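Below is one structure, written out as structure tokens; comments come after it.
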Amino acid sequence: MSVLVYTESDKGTFKKNAFEAASYAYKVAQDMGETVTAVTINAGQDDALGTYGVSKVLKITSGDLDTFNAKAYANALAQAAEAEGAKVIILSSSADTKFLAPILTAKLKAGYVPNVVAAPISTSPFVVKRTAFSNKGFAHTEVSAEIKVIGVSNNAYGVHENNGSATVEDFSPSLADGDFATKSVEVDKVVGKATIADADIVVSGGRGLKGPENWGMIEELAEVLGAATACSKPVSDLGWRPHGEHVGQTGKPVASNLYIAIGISGAIQHLAGVSASKTKVVINNDPEAPFFKAADYGIVGDAFEVVPELIEKLKQFKAQNT
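Next comes the structure, spelled out in structure tokens:
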């Protein structure tokens, strides 16, 4: 038996959360005295996963799976788990895996725990720590089901190299037409140097920016920091930014190391979606903005004055320390 981990990729390149999920799987496998088997779908450089504790890679190559399909992907993972006799399956907490996780759990008749933020407290019984109440608290959850599906929150466990090596085997799941009954007709992706899911730093703007013509300073600050750009729901609803950048409870969840909110008042849905970020910085000219209550650091001021000065100071700092 082995601990199975699904390592996500995008256009053949592994995402950061793939390495985090593999690192987490390796820790679980160590505690259970087992090895780690990874499943990849249309990915390249599969053997690189050995660096993060993976012993074996089941490589799936299929043109039918070029575009994410929750049912088909879940069926493929279920077949891999059955082939390996895996009792623990590790997933990341991306938008895609949150769609496939319930389907995979049902197929395997497993127990599913999402939003896990730490290595298991115990593997016998199997107890994990996860966020609860829209990230306002934590729960210690025991999974009594024979098969366990664990969703690891992004940037919670971290990426850890283990200097191992992995063997790669081709794996061909049996997929039927019914697995593709639902198809994606369009994928709206954020275009930029860093994606929200993989970024350690996210710079986000709200209606306080007054219009899409002012987004240049958000992008410039993000470029200086090597960050991803994001926005609040009203901004995407107004068409100022693509919906792929909308973060919050009704958009993409953010669990970055640093989240900078500029001109965002802090509606409860937005706060719930970004509260897992480790450090939150708020820039707003309204001292009563709800976001300040959730912020680690706050600046009360005009974003059009504060942000350009912040960019200049960061550029000076980088010039002096490179």
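In my numbering, the protein residues as written are 181 to 502. Virtual Cβ for every residue (Gly too), placed ideally from N, Cα, C. As the structure is a computational prediction, the values presented were derived from the model and not from experiment.
Going by DSSP, residue 464 is part of the beta strand (DSSP E) stretching over 459-464. Following the DSSP letters along the chain, one finds residue 320 in no alpha helix (DSSP H) but inside the beta strand (DSSP E) bounded by residues 317-323.
When 474, 492, 490, 231 are compared, the shortest CA-CA separation from residue 315 is found for 474.
With respect to residue 407, residue 379 sits close: the two C-beta atoms are nearer than 8 Å.
Contact check for residue 206 against residue 342 passes: the beta carbons are separated by less than 8 Å. Minimum Cα-Cα distance from residue 481 among the listed residues 192, 388, 414 corresponds to 388.
Under the criterion of beta carbons closer than 8 Å, residue 218 and residue 185 qualify as touching, at roughly 5 Å. In the three-state reduction of the DSSP assignment, residue 421 falls in the coil class, being assigned neither a helical nor a strand state.
Of 463, 304, 298, 302, the smallest CA-CA separation from residue 310 is found for 298. Between the alpha carbons of residue 391 and residue 190 lies a distance of about 31 Å.
Only exposed fits residue 262, as fewer than 16 other CB atoms lie within 10 angstroms of its CB. In this structure, the CA atom of residue 476 is about 10 Å from the CA atom of residue 457. When secondary structure is reduced to three states using DSSP, residue 485 falls in the helix class. Going by beta carbons, residue 271 and residue 213 fall outside the 8 Å limit.
For the options 478, 226, 410, 305, the alpha carbon positioned closest to that of residue 433 is the one of 410. In the structure shown, the three-state DSSP call for residue 426 is strand.
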